[in-house]
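Working notes, structure below.
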Amino acid sequence: MRATLLALCCAGIAGHTMQPGESDHPAPDASWHETDWSAWIARERGAKAEHKTADGSRVDVLTDGVAYEVEYADKWQQAVGQALFYSAATGRAPGIILLIGKRSASLERVYYLRCLVVCHRHGIKLETVQMKALL
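Residue 76 in the working numbering sits at position 76 of the sequence shown, and the numbers go up by one each step.
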């Protein structure tokens with residue numbers, strides 16, 4: 001298992017991580033909730049926030065190719081199921097954007113690595129947003 005985690009990390013499977021200075025929009029605020037982050041990420045990407053599906057559920061960030069679930073790292077398990085459902089509901093690839101910076105770095109690293117393994121196995125695009133770096 002450790003070898004698999006290390007191989008995935010070294011392979012750069014995770015995708016893009018937003019860094020300070022990348023945004024042309026108002027800076028995130030420490031009081032923001034998940035929905036605020038989702039709206040900000042959607043604006044940054046020129047994507048749609050809170051896209052309503054036929055059954056009434058809402059995709060956090062919908063791009064032309066990917067339906068993203070935005071979630072705090074400690075709720076990564078929930079994000080996996082939602083991303084897969086949003087993919088089925090929209091016909092787009094599944095994606096997760098983990099919000100990093102709510103808990104200790106060592107604990108969030110564990111969450112991230114667990115999510116990375118599951119995403120790699122099931123073809124889910126995984127990205128991160130380092131919240132503290134953007135505040």
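Note that the Cβ used here is the ideal one computed from N, Cα and C, for glycine as well.
Since this is a predicted model, take the numbers as computed values, not measurements.
Tell me the DSSP secondary structure of residue i in three-state form.
i: ASP55; result: coil
i: THR63; result: coil
i: ALA88; result: helix
Looking only at its own chain, which residues have a Cβ that is under 7 Å from the Cβ of residue i, when we skip the five neighbours before and after it?
i: TYR72; result: GLU34, LEU99, LYS102
i: GLU69; result: ASP60, ALA79, GLN82, ALA83, TYR86, ILE96
Whose C-beta lies closer than 8 Å to the C-beta of residue i among residues of the same chain, with five residues either side of it excluded?
i: ASP74; result: LYS102, ARG103, LEU107, GLU108, TYR111
i: VAL66; result: ARG92, ALA93, PRO94, GLY95, LYS125
i: THR53; result: VAL59, TYR86, ALA89, THR90
Going by other Cβ atoms of all chains shown within 10 Å of its Cβ, with 16 needed for buried, is residue i buried or exposed?
i: HIS51; result: buried
i: SER60; result: Here residue 60 is Asp; the residue named in the question, Ser, does not match the sequence. By the 10 Å Cβ count, ASP60 comes out buried.
i: ARG121; result: exposed
i: ALA105; result: exposed
i: SER38; result: buried
Which residues in the same chain have their Cβ closer than 6 Å to the Cβ of residue i, if we skip the five residues on either side of it in sequence?
i: MET131; result: LEU99, GLY101
Please report the residue range of the beta strand (DSSP E) in which residue i lies.
i: ILE96; result: 93-100
i: LYS125; result: 125-130
Can you tell me where the alpha helix (DSSP H) holding residue i begins and where it ends?
i: TRP40; result: 34-45
i: SER104; result: Unbroken run through SER104: none, as it is neither H nor E.
query: Taking three-plus beta-carbon pairs below 8 Å as touching, is the segment 36-48 in contact with the segment 74-85?
result: These segments do not touch.
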